[in-house]
Amino acid sequence: MSQIVCENLKYLYSVGTPFESVAIDDVNISIEKGEIVGVIGHTGSGKSTLIQHLNALLEPYSGKVFLNGKDVWENKSEIRSVRFAVGLCFQYPEYQIFEETVFKEISFGPKQMGLDEKEIEERVYESADFVGINKELMNKSPFDLSGGQKRRVAIASVIAMRPEVLVLDEPCAGLDPAGRERILSLIKSYQQKMGNTVILVSHSMEDVAKLAQKVIVMNKGRVAFQSSVSEVFSHARELKEMGLNVPQITEVFLKLKKRGIDCRTDIYTVEDAYNEIKRLKSLS
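Numbers 13 to 296, taken from the working numbering, label the letters of the sequence shown in order.
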């Protein structure tokens, strides 16, 4: 059974005003437990609106969202539990940091869950250790940390609630290459250790190619593609028409193919490229 399902999901902004607009329309998606799913699309395609429905931050105008087979809006008194089960980390989460110490920041979510102090402390240190935040930093102000450290504190604050599904909206936005690589490694390690479902929203095809098993492409509020990475990225022409691009490394091999080199074109990462070049050399 799918862990998250959206059926005929529709959402409108500014309903009943001259500014009324359709943000997402007739969206149908299915996400299996334990998958890493990439959600991509140009600015304004509906990505952020979609993921805010997954943990019931937004209520559908029409259609339904199911978590583990249950309509999340069936019983509004249980919405709180949905938001703990589906943890959402917004884009630039460090701008939403507000507590006076790192410890208090990470413990905020578990406290809202009504856990006892011992359990809260255990979760705080566990999640901090997981994202590489040293104990020495726990009593420091999060505002004194570097940008990358703040990002990791924000992710730790969501992980501390031990959600069944972790949703990350542009987790690498604004980071330098080293910071980006660290966050991507963290996400991959988290999923491998916990086995939880991870949904990664990103503009970067390279990031999605490195992590995701399945990709959902949003375009003008609708699902354009929903399939494996290789299947979605094989539609390079259509993606470009939507204002998206396949990974740069893929472009290289597409051009090599056009020049008559008998190479694979389902190359999405540097590791894939290395192995394909090695194979081509062995044939020469």
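Ideal placement from N, C-alpha and C gives every residue a C-beta, glycine not left out.
Cutoff 6 Å; reference residue i; Cβ partners in own chain excluding five residues on either side
| i | result |
| --- | --- |
| V167 | For clarity, residue 167 is Ile in the given sequence; the question names Val instead. So the list reads C101, V143, once near-sequence residues are dropped. |
| I195 | P183, C184 |
| H247 | none |
| P105 | A166 |
| R276 | E288 |
| D8 | As displayed, the chain neither begins before 13 nor continues past 296, which places residue 8 out of reach and without an answer. |
| D83 | K76 |
Neighbourhood of residue i by C-beta, 8 Å cutoff - its chain only, sequence neighbours within 5 removed
| i | result |
| --- | --- |
| Y202 | F142, I171, L178, N208, V210 |
| V220 | G50, I52, L212, S214, V227, V241 |
| K152 | T113, V114 |
| I273 | L292 |
| L157 | V114, L149, V165 |
| P175 | F96, A97, V98, G99, N208 |
| E32 | L24, Y25, S26 |
| L69 | R95, L100 |
Residue closest to residue i, alpha-carbon to alpha-carbon, out of the options
| i | options | result |
| --- | --- | --- |
| M230 | R249, A221, G255 | G255 |
| Y280 | P259, Q103, Y73, A35 | P259 |
| L79 | G233, E90, V17 | V17 |
| A140 | V77, S26, K162, V94 | K162 |
| G233 | K22, K267, E193, V264 | K22 |
| R92 | M125, Y107, I109 | M125 |
| E193 | R135, K82, G160 | G160 |
| M217 | M206, S14, V244 | V244 |
| E117 | Y137, D128, K130 | Y137 |
| I43 | F265, I63, R135 | I63 |
| Y73 | N87, M206, G28 | G28 |
| K222 | K290, A236, V235, I199 | I199 |
| D181 | V94, N67, Q103 | Q103 |
| D284 | A68, Y107, F265 | F265 |
| N67 | P30, Q15, Y286 | Q15 |
Cross-strand partners of residue i (DSSP beta bridge)
| i | result |
| --- | --- |
| F31 | Answer is none; F31 lacks a bridge partner. |
| C101 | L180 |
| V235 | M230 |
| C18 | I41, V77 |
| L212 | G50, L180 |
| S240 | K226 |
Neighbourhood of residue i by C-beta, 7 Å cutoff - its chain only, sequence neighbours within 5 removed
| i | result |
| --- | --- |
| E71 | W85 |
| V282 | I261 |
| L268 | C275 |
| Q238 | I41, I228 |
| H54 | M254, G255, L256 |
7 Å Cβ cutoff met for residue i and residue j
| i | j | result |
| --- | --- | --- |
| A97 | T61 | no |
| G75 | E19 | yes |
| S89 | G121 | no |
| I132 | S119 | yes |
| G81 | M173 | no |
Short CB-CB distance (under 7 Å) between residue i and chain C
| i | result |
| --- | --- |
| F115 | The structure shown contains no chain C; it holds only a single protein chain. |
inquiry  = I'd like to know if the region 36-46 and the region 183-196 are in contact, where contact means that at least 3 CB-CB pairs between them fall below 8 Å.
reply    = Contact between the region 36-46 and the region 183-196 is absent, because fewer than three Cβ pairs lie under 8 Å.
inquiry  = Below 8 Å, how does it come out for the region 219-227 and the region 46-57: are there three or more Cβ pairs, yes or no?
reply    = Counting Cβ pairs under 8 Å, three or more are found: they touch.
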